[in-house]
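Per full-length UniProt numbering, the sequence shown starts with residue 1, numbered consecutively.
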Amino acid sequence: MSDVFRVYKFGGASVKDAAAVRNVSEIIVNHAEEPLVVVVSAMGKTTNALETVIAAIMSKDESLLHSSIQVVIDFHRVIVEELFGASHPVWSSIEGMFTEMRSQATLRVDEKYGELYDRLIGFGEMLSTQIVDAYLKEMGIDSTWQNAQELIVTNADHRRATVDFEKTEIRVREAVTPKGVHVIQGFLGATESGKPTTLGREGSDYTAAVMAFVLNAAEVCIWKDVPGVLTGDPKVFDDVIQLQTISFREAIELAYYGASVIHPKTIQPLQRKEIPLRVRSFVNPTAPGTSIQQGKSLVPMSPCFIRKGNQVLITLSTRDLAFIVENHLSKIYQTFHKIGVAVNLMQNSAVSSSFSINNDPILIPQLLEELRGDFTVKHNEDLTLYTIRHYDAAAVNSIKNRGEVFLEQVTRHTHQMVLKEVQ
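The structure is reproduced here in C-alpha coordinates:
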(Lines of atoms letter the chains of each structure in order from A and count residues from 1; the text may use other names and numbers.)
(Lines give C-alpha, C1' and ligand atoms only; values in the text may rest on other atoms or scores of the structure.)
Protein backbone atom coordinates (compact mmCIF):
# COMPACT_ATOMS: atom_id res chain seq x y z
CA MET A 1 0.00 0.00 0.00
CA SER A 2 1.32 3.46 -0.93
CA ASP A 3 0.30 6.78 0.60
CA VAL A 4 -0.85 8.12 -2.79
CA PHE A 5 -4.62 8.38 -3.04
CA ARG A 6 -6.84 7.42 -5.90
CA VAL A 7 -10.43 8.61 -6.22
CA TYR A 8 -13.31 6.50 -7.54
CA LYS A 9 -16.74 7.98 -8.22
CA PHE A 10 -19.88 5.86 -8.58
CA GLY A 11 -23.07 7.52 -9.86
CA GLY A 12 -26.69 6.69 -9.18
CA ALA A 13 -26.94 4.01 -11.87
CA SER A 14 -23.97 2.12 -10.41
CA VAL A 15 -25.69 1.81 -6.99
CA LYS A 16 -29.31 1.60 -8.15
CA ASP A 17 -30.11 -1.70 -6.36
CA ALA A 18 -28.59 -4.43 -4.22
CA ALA A 19 -26.91 -6.19 -7.15
CA ALA A 20 -25.32 -2.90 -8.21
CA VAL A 21 -23.93 -2.30 -4.71
CA ARG A 22 -22.40 -5.79 -4.75
CA ASN A 23 -20.83 -4.99 -8.13
CA VAL A 24 -19.31 -1.77 -6.78
CA SER A 25 -17.73 -3.66 -3.91
CA GLU A 26 -16.29 -6.23 -6.33
CA ILE A 27 -14.78 -3.45 -8.43
CA ILE A 28 -13.16 -1.97 -5.33
CA VAL A 29 -11.81 -5.38 -4.26
CA ASN A 30 -10.53 -6.38 -7.71
CA HIS A 31 -9.53 -3.13 -9.43
CA ALA A 32 -8.64 -0.60 -6.75
CA GLU A 33 -5.47 0.37 -4.93
CA GLU A 34 -5.54 1.76 -1.41
CA PRO A 35 -5.67 4.39 -0.08
CA LEU A 36 -8.87 5.08 -1.95
CA VAL A 37 -11.60 7.72 -1.74
CA VAL A 38 -14.97 6.46 -2.99
CA VAL A 39 -17.45 9.20 -3.92
CA VAL A 40 -21.04 7.92 -4.14
CA SER A 41 -24.16 9.56 -5.57
CA ALA A 42 -27.74 8.99 -4.46
CA MET A 43 -29.10 5.60 -5.51
CA GLY A 44 -30.97 5.34 -8.80
CA LYS A 45 -33.51 8.13 -9.19
CA THR A 46 -33.50 9.15 -5.52
CA THR A 47 -32.58 12.77 -6.27
CA ASN A 48 -35.63 13.06 -8.54
CA ALA A 49 -37.79 11.48 -5.82
CA LEU A 50 -36.50 13.95 -3.22
CA GLU A 51 -37.22 16.83 -5.60
CA THR A 52 -40.83 15.62 -5.55
CA VAL A 53 -40.73 15.80 -1.75
CA ILE A 54 -39.42 19.37 -1.96
CA ALA A 55 -42.08 20.35 -4.51
CA ALA A 56 -44.77 18.94 -2.19
CA ILE A 57 -43.43 21.06 0.68
CA MET A 58 -43.42 24.19 -1.49
CA SER A 59 -46.99 23.55 -2.68
CA LYS A 60 -48.15 22.53 0.83
CA ASP A 61 -49.53 19.27 -0.56
CA GLU A 62 -49.60 17.06 2.55
CA SER A 63 -50.82 13.97 0.71
CA LEU A 64 -48.05 14.17 -1.90
CA LEU A 65 -45.50 14.94 0.81
CA HIS A 66 -46.36 11.81 2.78
CA SER A 67 -46.46 9.52 -0.27
CA SER A 68 -43.26 10.89 -1.82
CA ILE A 69 -41.28 10.48 1.41
CA GLN A 70 -42.57 6.92 1.68
CA VAL A 71 -41.35 6.19 -1.87
CA VAL A 72 -37.80 7.16 -0.85
CA ILE A 73 -37.95 5.13 2.36
CA ASP A 74 -39.41 2.00 0.73
CA PHE A 75 -36.84 2.09 -2.09
CA HIS A 76 -33.89 2.09 0.30
CA ARG A 77 -35.48 -0.37 2.72
CA VAL A 78 -35.70 -2.98 -0.06
CA ILE A 79 -32.02 -2.55 -0.93
CA VAL A 80 -30.89 -2.78 2.71
CA GLU A 81 -32.99 -5.89 3.27
CA GLU A 82 -31.55 -7.62 0.20
CA LEU A 83 -27.99 -6.78 1.20
CA PHE A 84 -28.07 -7.40 4.95
CA GLY A 85 -31.26 -9.19 5.91
CA ALA A 86 -33.63 -7.98 8.60
CA SER A 87 -31.42 -7.71 11.71
CA HIS A 88 -28.10 -6.17 10.63
CA PRO A 89 -26.65 -3.32 12.77
CA VAL A 90 -26.84 -1.00 9.74
CA TRP A 91 -30.61 -0.81 10.28
CA SER A 92 -30.27 1.49 13.29
CA SER A 93 -28.43 4.17 11.32
CA ILE A 94 -30.70 3.79 8.28
CA GLU A 95 -33.90 4.00 10.33
CA GLY A 96 -32.45 7.00 12.13
CA MET A 97 -31.89 8.65 8.76
CA PHE A 98 -35.51 7.94 7.75
CA THR A 99 -36.74 9.55 10.99
CA GLU A 100 -34.53 12.58 10.44
CA MET A 101 -35.76 12.96 6.86
CA ARG A 102 -39.39 12.99 8.01
CA SER A 103 -38.67 15.58 10.71
CA GLN A 104 -36.81 17.85 8.27
CA ALA A 105 -39.56 17.79 5.62
CA THR A 106 -41.02 21.21 6.41
CA LEU A 107 -40.41 24.77 5.28
CA ARG A 108 -38.80 26.86 7.99
CA VAL A 109 -39.67 30.50 8.67
CA ASP A 110 -38.17 32.81 6.01
CA GLU A 111 -36.47 29.85 4.31
CA LYS A 112 -35.96 30.24 0.56
CA TYR A 113 -36.35 27.49 -2.02
CA GLY A 114 -32.59 27.01 -2.46
CA GLU A 115 -32.02 26.62 1.27
CA LEU A 116 -34.82 24.07 1.57
CA TYR A 117 -33.49 22.21 -1.46
CA ASP A 118 -29.95 21.93 -0.10
CA ARG A 119 -31.17 20.93 3.36
CA LEU A 120 -33.26 18.00 2.09
CA ILE A 121 -31.74 16.78 -1.17
CA GLY A 122 -28.62 15.40 0.52
CA PHE A 123 -30.54 12.63 2.29
CA GLY A 124 -30.11 10.60 -0.91
CA GLU A 125 -26.31 10.67 -0.70
CA MET A 126 -26.31 10.20 3.06
CA LEU A 127 -28.36 7.02 2.68
CA SER A 128 -26.40 5.62 -0.27
CA THR A 129 -23.00 6.11 1.39
CA GLN A 130 -24.10 4.53 4.65
CA ILE A 131 -25.33 1.50 2.74
CA VAL A 132 -22.19 1.21 0.59
CA ASP A 133 -19.87 1.71 3.57
CA ALA A 134 -21.72 -0.97 5.58
CA TYR A 135 -21.51 -3.44 2.71
CA LEU A 136 -17.79 -2.81 2.19
CA LYS A 137 -17.25 -3.56 5.90
CA GLU A 138 -19.33 -6.72 5.44
CA MET A 139 -16.87 -7.72 2.68
CA GLY A 140 -13.94 -7.29 5.06
CA ILE A 141 -12.73 -3.99 3.57
CA ASP A 142 -11.22 -1.36 5.86
CA SER A 143 -13.87 1.28 5.11
CA THR A 144 -14.51 4.62 6.81
CA TRP A 145 -17.67 6.69 6.29
CA GLN A 146 -16.98 10.42 5.83
CA ASN A 147 -19.47 13.29 5.99
CA ALA A 148 -19.01 15.68 3.04
CA GLN A 149 -20.95 18.38 4.87
CA GLU A 150 -18.18 18.44 7.48
CA LEU A 151 -15.32 18.36 4.95
CA ILE A 152 -16.32 20.28 1.78
CA VAL A 153 -16.43 23.98 2.74
CA THR A 154 -18.38 26.26 0.40
CA ASN A 155 -19.95 29.69 0.18
CA ALA A 156 -23.70 30.12 0.70
CA ASP A 157 -24.81 30.10 -2.96
CA HIS A 158 -27.44 27.40 -2.63
CA ARG A 159 -27.76 24.80 -5.41
CA ARG A 160 -24.50 26.07 -7.04
CA ALA A 161 -22.08 26.58 -4.17
CA THR A 162 -18.42 27.47 -4.73
CA VAL A 163 -15.82 25.37 -2.91
CA ASP A 164 -13.25 26.98 -0.66
CA PHE A 165 -10.28 24.77 -1.54
CA GLU A 166 -7.96 25.99 1.21
CA LYS A 167 -10.40 25.38 4.05
CA THR A 168 -11.55 22.13 2.47
CA GLU A 169 -7.97 20.85 2.21
CA ILE A 170 -7.34 21.49 5.91
CA ARG A 171 -10.46 19.54 6.94
CA VAL A 172 -9.94 16.70 4.46
CA ARG A 173 -6.31 16.11 5.41
CA GLU A 174 -7.26 15.94 9.08
CA ALA A 175 -10.06 13.42 8.51
CA VAL A 176 -8.97 11.30 5.54
CA THR A 177 -5.91 9.28 6.53
CA PRO A 178 -3.81 7.52 3.86
CA LYS A 179 -5.07 4.03 4.62
CA GLY A 180 -8.01 1.89 3.59
CA VAL A 181 -11.13 3.10 1.80
CA HIS A 182 -12.98 6.33 2.59
CA VAL A 183 -16.63 6.58 1.46
CA ILE A 184 -17.98 10.11 0.99
CA GLN A 185 -21.11 11.69 -0.50
CA GLY A 186 -20.93 13.39 -3.85
CA PHE A 187 -22.70 16.67 -4.61
CA LEU A 188 -22.81 17.89 -0.98
CA GLY A 189 -21.00 20.54 1.01
CA ALA A 190 -21.71 23.10 3.70
CA THR A 191 -20.81 26.63 4.68
CA GLU A 192 -18.12 27.12 7.31
CA SER A 193 -20.88 27.43 9.91
CA GLY A 194 -22.41 24.11 8.81
CA LYS A 195 -25.36 25.17 6.65
CA PRO A 196 -25.91 22.49 3.96
CA THR A 197 -25.16 23.40 0.33
CA THR A 198 -24.93 21.54 -2.96
CA LEU A 199 -22.46 21.87 -5.83
CA GLY A 200 -24.94 21.80 -8.73
CA ARG A 201 -26.88 18.92 -10.23
CA GLU A 202 -24.58 16.02 -11.17
CA GLY A 203 -22.02 17.56 -8.81
CA SER A 204 -20.66 14.22 -7.59
CA ASP A 205 -18.06 14.28 -10.37
CA TYR A 206 -16.94 17.65 -9.04
CA THR A 207 -16.69 16.25 -5.51
CA ALA A 208 -14.32 13.59 -6.86
CA ALA A 209 -12.19 16.29 -8.49
CA VAL A 210 -12.14 18.38 -5.29
CA MET A 211 -11.03 15.39 -3.22
CA ALA A 212 -8.36 14.51 -5.77
CA PHE A 213 -7.06 18.08 -5.79
CA VAL A 214 -6.75 18.51 -2.03
CA LEU A 215 -5.22 15.02 -1.60
CA ASN A 216 -2.87 15.28 -4.62
CA ALA A 217 -4.35 12.04 -5.95
CA ALA A 218 -2.73 9.96 -8.68
CA GLU A 219 -5.96 9.71 -10.70
CA VAL A 220 -9.72 10.04 -10.67
CA CYS A 221 -11.87 7.27 -12.11
CA ILE A 222 -15.56 7.85 -12.86
CA TRP A 223 -17.48 4.59 -13.26
CA LYS A 224 -20.46 4.69 -15.64
CA ASP A 225 -22.75 2.38 -17.59
CA VAL A 226 -20.96 3.22 -20.87
CA PRO A 227 -17.56 1.90 -22.05
CA GLY A 228 -16.05 5.40 -21.92
CA VAL A 229 -16.75 8.85 -23.32
CA LEU A 230 -18.74 8.49 -26.53
CA THR A 231 -19.30 11.06 -29.26
CA GLY A 232 -22.94 11.21 -28.20
CA ASP A 233 -25.59 9.46 -26.16
CA PRO A 234 -26.25 6.17 -28.02
CA LYS A 235 -29.89 6.35 -26.92
CA VAL A 236 -30.25 9.63 -28.82
CA PHE A 237 -27.69 9.59 -31.65
CA ASP A 238 -26.81 6.96 -34.27
CA ASP A 239 -23.31 5.68 -35.08
CA VAL A 240 -21.54 7.11 -32.04
CA ILE A 241 -17.99 5.98 -31.36
CA GLN A 242 -15.85 5.80 -28.24
CA LEU A 243 -13.11 8.38 -27.74
CA GLN A 244 -9.78 7.01 -26.56
CA THR A 245 -8.36 10.25 -25.19
CA ILE A 246 -9.62 13.80 -24.68
CA SER A 247 -7.54 16.81 -23.73
CA PHE A 248 -8.39 18.74 -20.59
CA ARG A 249 -9.32 21.75 -22.72
CA GLU A 250 -11.70 19.80 -24.95
CA ALA A 251 -13.26 18.10 -21.93
CA ILE A 252 -13.99 21.52 -20.42
CA GLU A 253 -15.65 22.58 -23.69
CA LEU A 254 -17.79 19.43 -23.83
CA ALA A 255 -18.75 19.76 -20.18
CA TYR A 256 -19.64 23.43 -20.60
CA TYR A 257 -22.09 22.56 -23.37
CA GLY A 258 -23.69 19.84 -21.27
CA ALA A 259 -21.99 16.53 -22.04
CA SER A 260 -23.58 14.33 -19.38
CA VAL A 261 -20.48 12.22 -18.82
CA ILE A 262 -18.63 15.05 -17.04
CA HIS A 263 -19.74 17.84 -14.70
CA PRO A 264 -18.82 21.31 -16.02
CA LYS A 265 -16.59 22.21 -13.05
CA THR A 266 -14.89 18.83 -12.74
CA ILE A 267 -11.98 19.35 -15.09
CA GLN A 268 -10.53 22.66 -13.83
CA PRO A 269 -9.03 21.42 -10.54
CA LEU A 270 -7.70 18.29 -12.23
CA GLN A 271 -6.06 20.33 -14.99
CA ARG A 272 -4.37 22.60 -12.45
CA LYS A 273 -2.48 19.63 -11.00
CA GLU A 274 -2.49 17.51 -14.19
CA ILE A 275 -4.38 14.70 -12.46
CA PRO A 276 -5.67 12.34 -15.16
CA LEU A 277 -9.35 11.40 -15.24
CA ARG A 278 -10.54 8.06 -16.58
CA VAL A 279 -14.11 7.19 -17.47
CA ARG A 280 -14.65 3.43 -17.18
CA SER A 281 -17.53 0.99 -17.34
CA PHE A 282 -18.86 -0.64 -14.19
CA VAL A 283 -20.47 -3.19 -16.53
CA ASN A 284 -17.07 -4.19 -17.98
CA PRO A 285 -14.46 -3.01 -15.47
CA THR A 286 -11.52 -4.59 -17.29
CA ALA A 287 -12.01 -2.33 -20.36
CA PRO A 288 -9.62 0.65 -20.60
CA GLY A 289 -12.29 3.35 -20.93
CA THR A 290 -11.42 6.92 -21.95
CA SER A 291 -8.57 8.99 -20.56
CA ILE A 292 -8.82 12.76 -20.07
CA GLN A 293 -5.38 14.36 -19.76
CA GLN A 294 -2.92 16.73 -21.38
CA GLY A 295 -2.52 16.08 -25.11
CA LYS A 296 -4.38 16.13 -28.42
CA SER A 297 -7.91 17.50 -28.54
CA LEU A 298 -9.70 14.25 -29.46
CA VAL A 299 -8.50 10.80 -30.44
CA PRO A 300 -10.04 9.91 -32.82
CA MET A 301 -11.24 13.26 -34.17
CA SER A 302 -15.01 13.20 -34.76
CA PRO A 303 -18.11 15.40 -34.38
CA CYS A 304 -19.48 15.21 -30.82
CA PHE A 305 -23.22 15.60 -30.13
CA ILE A 306 -24.89 16.93 -26.98
CA ARG A 307 -28.64 17.14 -26.38
CA LYS A 308 -30.38 19.15 -23.65
CA GLY A 309 -34.12 18.62 -23.53
CA ASN A 310 -36.86 20.48 -21.64
CA GLN A 311 -35.61 23.91 -22.68
CA VAL A 312 -37.41 27.24 -22.46
CA LEU A 313 -36.49 29.87 -25.04
CA ILE A 314 -37.06 33.36 -23.63
CA THR A 315 -36.90 36.37 -25.97
CA LEU A 316 -36.73 39.83 -24.41
CA SER A 317 -37.12 43.16 -26.16
CA THR A 318 -37.32 46.77 -25.02
CA ARG A 319 -40.81 48.23 -25.04
CA ASP A 320 -39.74 51.30 -27.08
CA LEU A 321 -37.71 49.20 -29.56
CA ALA A 322 -34.48 50.72 -28.26
CA PHE A 323 -31.32 48.74 -28.90
CA ILE A 324 -30.45 46.02 -26.38
CA VAL A 325 -27.20 47.36 -24.95
CA GLU A 326 -24.94 46.74 -21.98
CA ASN A 327 -27.18 48.18 -19.27
CA HIS A 328 -30.09 46.00 -20.44
CA LEU A 329 -27.92 42.87 -20.50
CA SER A 330 -26.55 43.67 -17.06
CA LYS A 331 -30.08 43.92 -15.67
CA ILE A 332 -31.11 40.68 -17.40
CA TYR A 333 -28.18 38.69 -16.05
CA GLN A 334 -28.60 40.11 -12.57
CA THR A 335 -32.17 38.83 -12.68
CA PHE A 336 -31.03 35.38 -13.81
CA HIS A 337 -28.48 35.31 -10.99
CA LYS A 338 -30.97 36.46 -8.35
CA ILE A 339 -33.56 33.82 -9.34
CA GLY A 340 -30.87 31.13 -9.65
CA VAL A 341 -31.21 30.31 -13.35
CA ALA A 342 -28.26 29.33 -15.57
CA VAL A 343 -28.18 30.28 -19.27
CA ASN A 344 -27.35 27.51 -21.75
CA LEU A 345 -27.31 29.70 -24.88
CA MET A 346 -27.87 33.38 -25.62
CA GLN A 347 -28.08 35.40 -28.81
CA ASN A 348 -28.54 39.14 -29.41
CA SER A 349 -30.17 41.08 -32.23
CA ALA A 350 -30.58 44.85 -32.44
CA VAL A 351 -33.69 45.06 -30.26
CA SER A 352 -33.97 41.65 -28.59
CA SER A 353 -32.02 39.00 -26.71
CA SER A 354 -32.88 35.30 -26.60
CA PHE A 355 -31.91 32.82 -23.90
CA SER A 356 -32.22 29.04 -23.79
CA ILE A 357 -32.52 27.79 -20.20
CA ASN A 358 -33.58 24.64 -18.38
CA ASN A 359 -37.29 24.55 -17.57
CA ASP A 360 -37.63 24.61 -13.79
CA PRO A 361 -41.33 24.59 -12.74
CA ILE A 362 -40.56 26.54 -9.58
CA LEU A 363 -38.09 29.13 -10.87
CA ILE A 364 -39.26 29.88 -14.43
CA PRO A 365 -42.60 31.50 -13.43
CA GLN A 366 -40.70 33.72 -10.97
CA LEU A 367 -38.17 34.63 -13.66
CA LEU A 368 -40.79 35.52 -16.27
CA GLU A 369 -42.74 37.65 -13.82
CA GLU A 370 -39.66 39.64 -12.85
CA LEU A 371 -38.48 40.14 -16.44
CA ARG A 372 -41.90 41.46 -17.48
CA GLY A 373 -41.31 44.39 -15.17
CA ASP A 374 -38.75 45.83 -17.62
CA PHE A 375 -39.13 44.03 -20.96
CA THR A 376 -41.58 42.61 -23.44
CA VAL A 377 -41.27 38.86 -22.90
CA LYS A 378 -42.00 35.96 -25.24
CA HIS A 379 -41.23 32.38 -24.37
CA ASN A 380 -41.54 28.91 -25.89
CA GLU A 381 -41.45 25.66 -23.91
CA ASP A 382 -40.75 22.00 -24.74
CA LEU A 383 -37.72 22.82 -26.88
CA THR A 384 -34.40 21.02 -27.26
CA LEU A 385 -30.88 22.45 -27.41
CA TYR A 386 -28.44 20.54 -29.61
CA THR A 387 -24.71 21.25 -29.61
CA ILE A 388 -22.24 19.81 -32.13
CA ARG A 389 -18.53 20.15 -31.39
CA HIS A 390 -16.23 19.79 -34.45
CA TYR A 391 -19.25 19.85 -36.71
CA ASP A 392 -19.46 19.04 -40.40
CA ALA A 393 -22.28 19.41 -42.92
CA ALA A 394 -23.60 15.89 -42.42
CA ALA A 395 -23.69 16.31 -38.64
CA VAL A 396 -25.55 19.64 -38.89
CA ASN A 397 -28.11 18.28 -41.34
CA SER A 398 -28.78 15.24 -39.17
CA ILE A 399 -29.88 17.56 -36.34
CA LYS A 400 -31.84 19.99 -38.50
CA ASN A 401 -33.90 17.08 -39.75
CA ARG A 402 -35.16 16.50 -36.21
CA GLY A 403 -37.52 19.46 -36.13
CA GLU A 404 -38.15 23.19 -36.55
CA VAL A 405 -35.19 25.40 -35.72
CA PHE A 406 -36.04 28.36 -33.44
CA LEU A 407 -32.50 29.63 -32.93
CA GLU A 408 -29.12 28.78 -34.50
CA GLN A 409 -25.61 29.85 -33.51
CA VAL A 410 -22.30 28.94 -35.17
CA THR A 411 -18.72 29.49 -34.02
CA ARG A 412 -15.41 28.13 -35.30
CA HIS A 413 -15.70 24.71 -33.64
CA THR A 414 -19.28 24.61 -32.35
CA HIS A 415 -22.74 24.61 -33.94
CA GLN A 416 -25.83 25.01 -31.71
CA MET A 417 -29.52 24.82 -32.46
CA VAL A 418 -32.65 25.25 -30.37
CA LEU A 419 -35.49 23.40 -32.05
CA LYS A 420 -38.95 21.97 -31.61
CA GLU A 421 -38.51 18.27 -32.18
CA VAL A 422 -40.94 16.38 -34.39
CA GLN A 423 -42.41 13.53 -32.38
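Glycine residues also receive a C-beta, built at the ideal position from the N, C-alpha and C atoms.
Since we're looking at a predicted model, the values are computed, not measured.
DSSP beta-bridge partners of residue i
{"i": "W91", "result": "Paired residue(s): none; W91 is not in a bridge."}
{"i": "Y386", "result": "R307 and M417"}
{"i": "I246", "result": "I292 and L298"}
{"i": "N348", "result": "S353"}
{"i": "N380", "result": "L313"}
{"i": "Q409", "result": "Q416"}
{"i": "R6", "result": "L36"}
{"i": "V24", "result": "Paired residue(s): none; V24 is not in a bridge."}
{"i": "N358", "result": "Q311"}
{"i": "L230", "result": "Q242"}
{"i": "G403", "result": "E421"}
{"i": "V343", "result": "I357"}
Exposure label - residue i; buried when at least 16 CB within 10 Å
{"i": "Y333", "result": "exposed"}
{"i": "D118", "result": "buried"}
{"i": "N348", "result": "exposed"}
{"i": "M301", "result": "exposed"}
{"i": "M139", "result": "exposed"}
{"i": "P269", "result": "buried"}
{"i": "S92", "result": "exposed"}
{"i": "R412", "result": "exposed"}
{"i": "E100", "result": "exposed"}
{"i": "T154", "result": "buried"}
{"i": "R372", "result": "exposed"}
{"i": "Q416", "result": "buried"}
{"i": "A86", "result": "exposed"}
{"i": "D142", "result": "exposed"}
{"i": "H337", "result": "exposed"}
{"i": "G340", "result": "buried"}
{"i": "P89", "result": "exposed"}
{"i": "T286", "result": "exposed"}
{"i": "S25", "result": "buried"}
{"i": "G232", "result": "buried"}
{"i": "V78", "result": "exposed"}
{"i": "V210", "result": "buried"}
{"i": "Q149", "result": "buried"}
{"i": "G124", "result": "buried"}
{"i": "D320", "result": "exposed"}
{"i": "P196", "result": "buried"}
{"i": "I69", "result": "buried"}
{"i": "K265", "result": "buried"}
{"i": "S193", "result": "exposed"}
Distance between beta carbons of residue j and residue i, contact taken as under 8 Å
{"i": "I350", "j": "I275", "result": "Correcting the residue identity first, residue 350 is Ala in this sequence and not Ile. Going by Cβ atoms, the distance from A350 to I275 rounds to 46 Å, so no, they are not a contact pair."}
{"i": "V176", "j": "V72", "result": "Between V72 and V176 the Cβ distance is about 29 Å, and since that is not below 8 Å, they are no contact."}
{"i": "R389", "j": "Y257", "result": "7 Å"}
{"i": "R171", "j": "T198", "result": "Incorrect: roughly 18 Å between the Cβ atoms, too far for contact."}
{"i": "V15", "j": "M58", "result": "Not quite, the Cβ-Cβ distance comes to about 28 Å (not below 8 Å), so this is no contact."}
{"i": "A18", "j": "L116", "result": "Incorrect: roughly 31 Å between the Cβ atoms, too far for contact."}
{"i": "T129", "j": "G180", "result": "The Cβ separation is near 15 Å, so there is no contact."}
{"i": "L419", "j": "E404", "result": "6 Å"}
{"i": "I121", "j": "L50", "result": "5 Å"}
{"i": "V306", "j": "A259", "result": "The sequence shown places Ile at residue 306, rather than the Val named in the question. 5 Å between Cβ atoms; contact."}
{"i": "L254", "j": "C304", "result": "6 Å"}
{"i": "W223", "j": "I28", "result": "With 8 Å as the limit, W223 and I28 do not qualify as a contact, their Cβ atoms being about 10 Å apart."}
{"i": "P178", "j": "F375", "result": "The Cβ separation is near 56 Å, so there is no contact."}
{"i": "V299", "j": "T387", "result": "Contact doesn't hold; Cβ gap of about 20 Å is too wide."}
{"i": "S352", "j": "S330", "result": "16 Å between Cβ atoms; not a contact."}
{"i": "L127", "j": "M97", "result": "6 Å"}
{"i": "S354", "j": "N344", "result": "In fact, because the Cβ distance is near 11 Å, the residues do not count as touching under 8 Å."}
Whole beta strand (DSSP E) elements within the segment 150 to 228, 3-residue minimum | DSSP runs (the beta strand (DSSP E)) wholly in the segment 150 to 228: 181 to 185, 188 to 190, 196 to 198 and 220 to 224.
Does the segment 2 to 13 come close enough to the segment 203 to 210 to have 3 or more Cβ pairs within less than 8 Å?
-> In this structure the segment 2 to 13 lies against the segment 203 to 210, because at least three pairs of beta carbons, one per stretch, are closer than 8 Å.
Run through the segment 266 to 291 for me and flag every whole alpha helix (DSSP H) of 4 or more residues, listed as ranges in chain order.
-> Fully enclosed alpha helix (DSSP H) runs of 4 or longer: 267 to 273.
Three-pair Cβ contact test at 8 Å for the segment 170 to 186 versus the segment 223 to 233 | The segment 170 to 186 is not in contact with the segment 223 to 233.
Contained alpha helix (DSSP H) runs [length at least 4] in the segment 69 to 150, N- to C-terminal order | Whole alpha helix (DSSP H) segments, 4+ residues: 90 to 104, 113 to 121 and 123 to 138.
Taking 8 Å as the threshold, find out whether the segment 100 to 111 comes into contact with the segment 61 to 79 through three or more Cβ pairs.
-> The segment 100 to 111, when compared against the segment 61 to 79, does touch it at the 8 Å Cβ threshold.
Evaluate the contact criterion for the segment 277 to 293 versus the segment 319 to 328: three or more CB pairs, one atom per stretch, below 8 Å.
-> Fewer than three beta-carbon pairs drawn from the segment 277 to 293 and the segment 319 to 328 are found closer than 8 Å, and the two stretches are therefore not classed as touching.
Does the segment 248 to 259 touch the segment 27 to 36, meaning 3 or more C-beta pairs lie closer than 8 Å?
-> When Cβ pairs closer than 8 Å are counted between the two stretches, the segment 27 to 36 is seen not to touch the segment 248 to 259, the count staying below three.
Specify whether the segment 352 to 372 and the segment 307 to 314 touch according to this definition: at least 3 beta carbon pairs, one from each stretch, less than 8 Å apart.
-> Counting Cβ pairs under 8 Å, three or more are found: they touch.
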